[in-house]
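Enquirer: Just passing along the structure, written as structure tokens.
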Amino acid sequence: SPPLRRHRRARGTPADPSLSPQVLSGCAIIVRGQPRGGPPPERQINLSNIRAGNLARRAAASQPDAKDTPDEPWGFPAREFLRKKLIGKEVCFTVDPEQSRLAELEEQARSAKKGMWSEGTGSHTVRDLKYTLDNPRHFVDSLHQKPVNGKWDELRCHPTAIIEHVRDGSVVRALLLPDYYLVTVMLSGIKCPTFKREADAEVPEPFAAEAKFFTESRLLQRDVQIVLESCHNQNILGTILHPACATGGAPGGHRGLPNGNITELLLKEGFARCVMQVLNADAIVVKLNSGDYKTIHLSSIRPPRLEGDSAQDKNRKLRPLYDIPYMFEAREFLRKKLIGKKVNVSVDYIRPASSATDTVPAFSERTCATVSIGGINIAEALVSKGLATVLRYRQDDDQRSAHYDELLAAEARAIKNGKGLHSKKEVPIHRVADISGDTQKAKQFLPFLQRAGRSEAVVEYVFSGSRLKLFLPKETCLITFLLAGIECPRGARNVPGLVQEGEPFSEEATLFTKELVMQREVEVEVESMDKAGNFIGWLHIEGVNLSVALVEQALSRVHFTAERSPYCKALLAAQDAAKQRKEKVWSHYEETPVEEVVPVLEEKERTANYKPVFVTEITDDLHFYVQDVETGAQLEKLMENMRAEVGAHPPVEGSFAPRRGDFCIAKFVDGEWYRARVEKVESGGKVHIFYIDYGNKETLPPTRLAPLPPAFSPRVLPPQATEYTFAFIQVPQDEEARADAVDSVVRDIQNTQCLLNVEHLGPGCPHVTLQFADSKSDVGLGLVKEGLVMVEPRKERQFQKVHPTPPVPSPCTCPLSQCPSVPMSGCPTVPTCRSPSYPHVPCPSVPIMSPSCPHDVPMSPCPMSQCPQFPLSQYAHVLVSTVPVSPYPAVALPTCPRVPVSPVPTVPLSCLPLSRCPLVLGLWPCPCDGVPSCRCPHVHPAVSPLM
Numbered sequence: 001s002p003p004l005r006r007h008r009r010a011r012g013t014p015a016d017p018s019l020s021p022q023v024l025s026g027c028a029i030i031v032r033g034q035p036r037g038g039p040p041p042e043r044q045i046n047l048s049n050i051r052a053g054n055l056a057r058r059a060a061a062s063q064p065d066a067k068d069t070p071d072e073p074w075g076f077p078a079r080e081f082l083r084k085k086l087i088g089k090e091v092c093f094t095v096d097p098e099q100s101r102l103a104e105l106e107e108q109a110r111s112a113k114k115g116m117w118s119e120g121t122g123s124h125t126v127r128d129l130k131y132t133l134d135n136p137r138h139f140v141d142s143l144h145q146k147p148v149n150g151k152w153d154e155l156r157c158h159p160t161a162i163i164e165h166v167r168d169g170s171v172v173r174a175l176l177l178p179d180y181y182l183v184t185v186m187l188s189g190i191k192c193p194t195f196k197r198e199a200d201a202e203v204p205e206p207f208a209a210e211a212k213f214f215t216e217s218r219l220l221q222r223d224v225q226i227v228l229e230s231c232h233n234q235n236i237l238g239t240i241l242h243p244a245c246a247t248g249g250a251p252g253g254h255r256g257l258p259n260g261n262i263t264e265l266l267l268k269e270g271f272a273r274c275v276m277q278v279l280n281a282d283a284i285v286v287k288l289n290s291g292d293y294k295t296i297h298l299s300s301i302r303p304p305r306l307e308g309d310s311a312q313d314k315n316r317k318l319r320p321l322y323d324i325p326y327m328f329e330a331r332e333f334l335r336k337k338l339i340g341k342k343v344n345v346s347v348d349y350i351r352p353a354s355s356a357t358d359t360v361p362a363f364s365e366r367t368c369a370t371v372s373i374g375g376i377n378i379a380e381a382l383v384s385k386g387l388a389t390v391l392r393y394r395q396d397d398d399q400r401s402a403h404y405d406e407l408l409a410a411e412a413r414a415i416k417n418g419k420g421l422h423s424k425k426e427v428p429i430h431r432v433a434d435i436s437g438d439t440q441k442a443k444q445f446l447p448f449l450q451r452a453g454r455s456e457a458v459v460e461y462v463f464s465g466s467r468l469k470l471f472l473p474k475e476t477c478l479i480t481f482l483l484a485g486i487e488c489p490r491g492a493r494n495v496p497g498l499v500q501e502g503e504p505f506s507e508e509a510t511l512f513t514k515e516l517v518m519q520r521e522v523e524v525e526v527e528s529m530d531k532a533g534n535f536i537g538w539l540h541i542e543g544v545n546l547s548v549a550l551v552e553q554a555l556s557r558v559h560f561t562a563e564r565s566p567y568c569k570a571l572l573a574a575q576d577a578a579k580q581r582k583e584k585v586w587s588h589y590e591e592t593p594v595e596e597v598v599p600v601l602e603e604k605e606r607t608a609n610y611k612p613v614f615v616t617e618i619t620d621d622l623h624f625y626v627q628d629v630e631t632g633a634q635l636e637k638l639m640e641n642m643r644a645e646v647g648a649h650p651p652v653e654g655s656f657a658p659r660r661g662d663f664c665i666a667k668f669v670d671g672e673w674y675r676a677r678v679e680k681v682e683s684g685g686k687v688h689i690f691y692i693d694y695g696n697k698e699t700l701p702p703t704r705l706a707p708l709p710p711a712f713s714p715r716v717l718p719p720q721a722t723e724y725t726f727a728f729i730q731v732p733q734d735e736e737a738r739a740d741a742v743d744s745v746v747r748d749i750q751n752t753q754c755l756l757n758v759e760h761l762g763p764g765c766p767h768v769t770l771q772f773a774d775s776k777s778d779v780g781l782g783l784v785k786e787g788l789v790m791v792e793p794r795k796e797r798q799f800q801k802v803h804p805t806p807p808v809p810s811p812c813t814c815p816l817s818q819c820p821s822v823p824m825s826g827c828p829t830v831p832t833c834r835s836p837s838y839p840h841v842p843c844p845s846v847p848i849m850s851p852s853c854p855h856d857v858p859m860s861p862c863p864m865s866q867c868p869q870f871p872l873s874q875y876a877h878v879l880v881s882t883v884p885v886s887p888y889p890a891v892a893l894p895t896c897p898r899v900p901v902s903p904v905p906t907v908p909l910s911c912l913p914l915s916r917c918p919l920v921l922g923l924w925p926c927p928c929d930g931v932p933s934c935r936c937p938h939v940h941p942a943v944s945p946l947m
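Here it is in structure tokens:
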């Protein structure tokens, strides 16, 4: 906004441009200069030669006999007039000794009876200020999650609250309109550095002054909305929204707030804390404003613990997270509520370090605090669910939570309702298998994870930038996971006798991975495993590939194994961009000239290792599922035992709630139960399932599904249906042609035993050749011979004997053409002309047609074969008659009545109406009666200028 220049300058004295952050009354304002390296100094300016009514003032708490001073009449409207004119604006001020203009304006207002000169005492302008709330919780509940005093008008802004004072970056004093409640509002979900009173002075914490100035310059005396969320004593927790149509902006170019929320902007500028890790049921790790990490313990609560020695097996190592009852539930509650969220941390006390005794281990110094998010005390929520208990203190011990009474009340409710630790039900048991480093178990589990595609997981720990420990909830196991496709800097290692230093930027890579995925829910794709039993694959979080993210941040290099992955292009593009920036691992990168190297390909031999399989299902895209004949007996035994158990203990209809990815048993149309996996659940109650042992799919109601007994899970016997597709074959794109090929395969091999050999791997499933078990003839070759599919050439040398590259036919000059009035029909089985002299013979697959010409001229049938260069129909009234005698004596070529026969070969083969050669280069009008025709370069190259 332009500067306000209401006063004339004194003689030769320049005006001082300043910002107006606060209006004290109708005749006094506070101004400050532009910030330079910190909050600027402030200065009070009184408007000369005028006086406005004083505002209300609350009596000092140190003077019990004093009374509150109310507003003087028209004092508040005068203050509001200046506030709306000046707040956030740049103003200029100077000394103005002249009074004549002011006296003239006063006389005009008196004559017009405006403001304080109007009739009456002006009592209606005096506010009824309410400094306290009789029932703050009831007041907040009545407006819970609603903006105070309704919505904003679409055309103009109606103020709902005015920020009167900013105590620190996250605590303000607000005047709620129109009832004039003066309340303290704490921003929910965050806590900014504060000012501590020591002796008679206030000592700011680091960045406290900056945070206060940040909030002041954006909210002080602005019209805002406040969403009330909860309350603590007389303080209200809420979110302050700045309206999009608010006048003015923040200094330094900040105009308005993102999404209207001051909390988001404070967090963006680094004035709040974020939870990075949940250690156990009462401890979290937060990231401070400085970037450092600090462990915070929840005040006055005790996490679940083992009672006695009977619950623990002496021969097994204790895993507290899974072996202590309700510890896992408590950790998960905190993880889902806090990880990655901004929280408000209020330190209650610091527990000093203690030395170890015979019964109590040593403890380091602990910072105990109240952690809240969205106005909810996390410790209180944990206790109310029965996932923690409240500590008891001596009467003289004041080192306890500031909300100790609320914690006791929450524990009483949990005991009364029998929740968690106070429940009389059986304690939940978590049987989590840790297969990290167990090569034998990892080998058994690898095929299952590979077939599962993307699996849900939780990152339990980050060892380095590319090495993590994951918990798979559906499989209830822990695995060590290595990121595929990248080479991350190695961290420091402790080897016997010395400490091996880490590579440059290894700590930065570890920190980046921790901040991005630590204790987050992710998706993983397992591709392989190493010799130590660690799984290798891709990790995705909210659509971000972690391998690609590390390469983009110049914290990793692309490994050569990424060439086989579908993410190769993204990895290489990210690496090229990082190289250009020359950051971190590429800081010393110098591009070397590329030398042309002739690659030497190693000749490999094709391996033929056919194994017997049983084909169970063929899909519409010509894929098929098979069972291994060698494991057929195990499957039959498992199915027999499973059906016996289901028959002895029939499942209750409707007891199974299907979810995508769950394993179950499904009742097929034959009335028998089979193992299956849920693929999709529709809202109408339909469930799409996949029979994991046979490969077919079906849509069933939930009443025909039941839980899969653990004794028959895929961990006992992996799914027996394996998906394959034919090698060296191109699946037809046309739906009808593809359906014909699928029908032929179904007739030949479904529910039969065949021989299978894996030729090469594909993006979705392995590509194989399949032979009939009795005749040893190739199924795919039979499809090619029948003309149902075409051959897919492979460049590898080892496959040349399987499908030799067909010779390229020499250009054919067979002069075929078709009459424009006769429809076409094609024969796909004629591969080439029958002899070098082109003696055209009839095609055995198409009957010779001899209808009369549509122009009522008798015509004789033309027995022509098909040229590979001309995919034309034949056996129609064909016209190739630009010469009086056929150039091919074996065939008498008829003439078309619409084209005159040339008496002499003046323009040999130049008129070919509607020739359909695939190599046609252009269309020209036919000189013969205006019939459009195309010129084929194979017929008469001289007439084609584009050859």
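Numbering follows full-length UniProt numbering, with no gaps: position 771 of the sequence shown is 771. Heads up, the beta-carbon is just placed ideally off N, CA and C, and yes, glycines get one too. It should be emphasised that the depicted structure is a prediction, and the values quoted were computed from it without experimental measurement.
Between which two residues does the alpha helix (DSSP H) containing M639 stretch?
Expert: Numbered from 1 along the sequence shown, position 639 holds the residue referred to as residue 639. Looking at the DSSP string, the run of the alpha helix (DSSP H) that includes M639 is G632 to A648.
Enquirer: Identify which residue in K385, R167, A711 and A666 has its Cα closest to the Cα of E645.
Expert: Locating residue 645 in the sequence shown gives position 645, counting from the first residue. For E645, the nearest C-alpha among the options comes from A711.
Enquirer: Have a look at residue 1002 and V91 and give me their C-alpha separation to the nearest angstrom.
Expert: Beyond the ends of the chain as shown, which are 1 and 947, falls residue 1002; an answer cannot be given.
Enquirer: Can you look up D348 in the DSSP assignment and give me helix, strand or coil?
Expert: Along the sequence shown, one-based indexing puts residue 348 at 348. D348 falls in the strand class under three-state DSSP.
Enquirer: What's the gap between the Cα of V768 and the Cα of S290?
Expert: As a working mapping, residue 768 is identified with position 768 in the sequence shown. As a working mapping, residue 290 is identified with position 290 in the sequence shown. Cα to Cα, the separation comes out at about 59 Å.
Enquirer: Locate the beta strand (DSSP E) running through E202, then write down its first and last residues.
Expert: Walking along the sequence shown from the start, residue 202 turns up at place 202. Residues A201 to P204.
Enquirer: Does DSSP put Q575 in a helix, in a strand, or in coil?
Expert: Residue numbering aside, residue 575 sits at position 575 when the sequence shown is read from its first letter. Residue state, collapsed to three classes: helix.
Enquirer: Give the DSSP-derived three-state secondary structure of L470 in the structure shown.
Expert: Translated into the one-based positions of the sequence shown, residue 470 becomes position 470. In the structure shown, L470 sits in a strand (DSSP, three-state: E or B).
Enquirer: Nearest CA to the CA of E735: which residue from K191, D620 and A549?
Expert: Within the sequence shown, numbered from 1, the residue matching residue 735 stands at position 735. The candidate whose alpha carbon is nearest that of E735 is D620.
Enquirer: State buried or exposed for L923, treating a residue as buried only when at least 16 other CB atoms are found within 10 Å of its CB.
Expert: Position 923 of the sequence shown, counting from 1, holds the residue named residue 923. Low per-residue confidence applies at L923: pLDDT is 36, beneath 50, and the placement is therefore not dependable enough to give any value.
Enquirer: What residues in its chain sit with their C-beta under 8 Å from that of I692, if we drop five residues either side in the sequence?
Expert: In the sequence shown, counting from the first residue as 1, residue 692 sits at position 692. So the list reads F663, R675, A676, R677, P714, P719, Q720 and A721, once near-sequence residues are dropped.
Enquirer: Does the beta-carbon of K336 have 16 or more other beta-carbons within 10 angstroms, so that it is buried, or is it exposed?
Expert: Reading the sequence shown from its first residue, position 336 is the one you call residue 336. Classification for K336: exposed.
Enquirer: Over what stretch of residues does the alpha helix (DSSP H) that includes Y404 continue unbroken?
Expert: Locating residue 404 in the sequence shown gives position 404, where the first residue counts as 1. Run containing Y404: Y404 to N417, per the alpha helix (DSSP H) assignment.
Enquirer: Just reading off the alpha helix (DSSP H) that P795 is part of, what are its end residues?
Expert: The residue you call residue 795 lines up with position 795 of the sequence shown. Checking the sequence shown, residue 795 turns out to be Lys, not Pro. Element bounds for K795: n/a, residue is neither H nor E.
Enquirer: Going by CA-CA distance only, name the one from S355, K680, E426 and I435 that's closest to K697.
Expert: Taking the first residue of the sequence shown as 1, we reach residue 697 at position 697. Nearest C-alpha to K697: K680.
Enquirer: Over the uninterrupted beta strand (DSSP E) stretch that includes H760, give me the two end residues.
Expert: The residue you call residue 760 lines up with position 760 of the sequence shown. Its beta strand (DSSP E) spans residues Q753 to H760.
Enquirer: Compute the distance between the beta-carbons of T184 and I236, then report whether it is under 8 Å.
Expert: Residue 184 sits at position 184 when you count from the first residue of the sequence shown. Residue 236 sits at position 236 when you count from the first residue of the sequence shown. It is a contact, given that the beta carbons lie within the stated cut-off.
Enquirer: Only counting runs of 4 or more residues, tell me where the alpha helix (DSSP H) segments fall wholly within the segment 429 to 496, in order along the chain.
Expert: DSSP runs (the alpha helix (DSSP H)) wholly in the segment 429 to 496: 439 to 452.
Enquirer: If you run the structure through DSSP and keep just helix, strand and coil, what is P707?
Expert: Looking up residue 707 in the sequence shown gives position 707. P707: strand per DSSP, three-state reduction.
Enquirer: Excluding the 5 residues flanking F505 on each side, which residues of the same chain have their C-beta closer than 7 Å to its C-beta?
Expert: Counted from its first residue, the sequence shown places residue 505 at position 505. The residues are P489, L555, K584 and V585.
Enquirer: When the distance is taken between beta carbons, is E411 closer than 8 Å to V390?
Expert: To locate residue 390, count along the sequence shown from 1; it is residue 390. To locate residue 411, count along the sequence shown from 1; it is residue 411. It is a contact, given that the beta carbons lie within the stated cut-off.
Enquirer: For V517, does the count of other Cβ atoms within 10 angstroms reach 16, so buried, or fall short, so exposed?
Expert: In the sequence shown, the residue the question calls residue 517 occupies position 517. With 16 or more Cβ atoms within 10 Å of its Cβ, V517 is classed as buried.
Enquirer: Do you know how far the Cα of F799 is from the Cα of V830?
Expert: Locating residue 830 in the sequence shown gives position 830, counting from the first residue. Locating residue 799 in the sequence shown gives position 799, counting from the first residue. Bear in mind that a pLDDT of 37 at V830, under 50, signals an unreliable position, so the model cannot answer this.
Enquirer: Would you kindly work out how many angstroms separate the C-alpha atoms of A356 and D223, rounded to a whole number?
Expert: The residue you call residue 356 lines up with position 356 of the sequence shown. The residue you call residue 223 lines up with position 223 of the sequence shown. Whole-angstrom Cα-Cα distance: 57 Å.
Enquirer: Which residue or residues does DSSP assign as beta-bridge partners of L516?
Expert: Along the sequence shown, one-based indexing puts residue 516 at 516. Answer is none; L516 lacks a bridge partner.
Enquirer: My parser needs the alpha helix (DSSP H) runs of 4 or more residues fully inside the segment 71 to 136; what are they?
Expert: Taking only runs of at least 4 residues, the alpha helix (DSSP H) segments lying wholly in the segment 71 to 136 are 75 to 86 and 100 to 111.
Enquirer: Determine the direct distance from the alpha carbon of R302 to that of D358, and round the result to whole angstroms.
Expert: Numbered from 1 along the sequence shown, position 358 holds the residue referred to as residue 358. Numbered from 1 along the sequence shown, position 302 holds the residue referred to as residue 302. In a straight line, the C-alpha of D358 is about 21 Å away from that of R302.
Enquirer: Go ahead and pull the three-state DSSP assignment for A283.
Expert: By one-based count along the sequence shown, residue 283 stands at place 283. In the structure shown, A283 sits in a strand (DSSP, three-state: E or B).
Enquirer: If we cut at 8 Å on Cβ distances, does S464 have a partner in chain C?
Expert: In the structure shown, chain C cannot be found, because there is only a single protein chain.
Enquirer: CA-CA distance, L219 and T94?
Expert: One-based indexing of the sequence shown puts residue 219 at position 219. One-based indexing of the sequence shown puts residue 94 at position 94. For L219 and T94, the distance between alpha carbons rounds to 27 Å.
Enquirer: What are the boundary residues of the beta strand (DSSP E) that includes P612?
Expert: As a first step, residue 612 is located in the sequence shown; it is residue number 612 there, counting from the start. Here the beta strand (DSSP E) through P612 covers K611 to I618.
Enquirer: Starting from R167, trace the beta strand (DSSP E) both ways and give me its first and last residue.
Expert: For this step, residue 167 is matched to residue 167 along the sequence shown. Note, R167: beta strand (DSSP E), A161 to D168.
Enquirer: Please work out which residues of its chain come closer than 8 Å, Cβ to Cβ, to I373, disregarding the five sequence neighbours upstream and downstream, and give them in chain order.
Expert: Stepping through the sequence shown from its first residue, residue 373 is reached at position 373. Closer than 8 Å at Cβ, skipping near neighbours: S188, G189, K337, L338, K341, K342, V343 and N344.
Enquirer: Return the residue from the list Y694, G695 and H688 that minimises the CA-CA distance to R704.
Expert: Looking up residue 704 in the sequence shown gives position 704. Nearest option by C-alpha distance: H688.
Enquirer: According to DSSP, what are the bridge partners of Y293?
Expert: By one-based count along the sequence shown, residue 293 stands at place 293. Answer by DSSP bridge pairing, in chain order: K287.
Enquirer: Tell me, please, which residues DSSP counts as bridged to L770.
Expert: Within the sequence shown, residue 770 is the residue found at index 770, counting from 1. In DSSP, L770 forms a bridge with L756.
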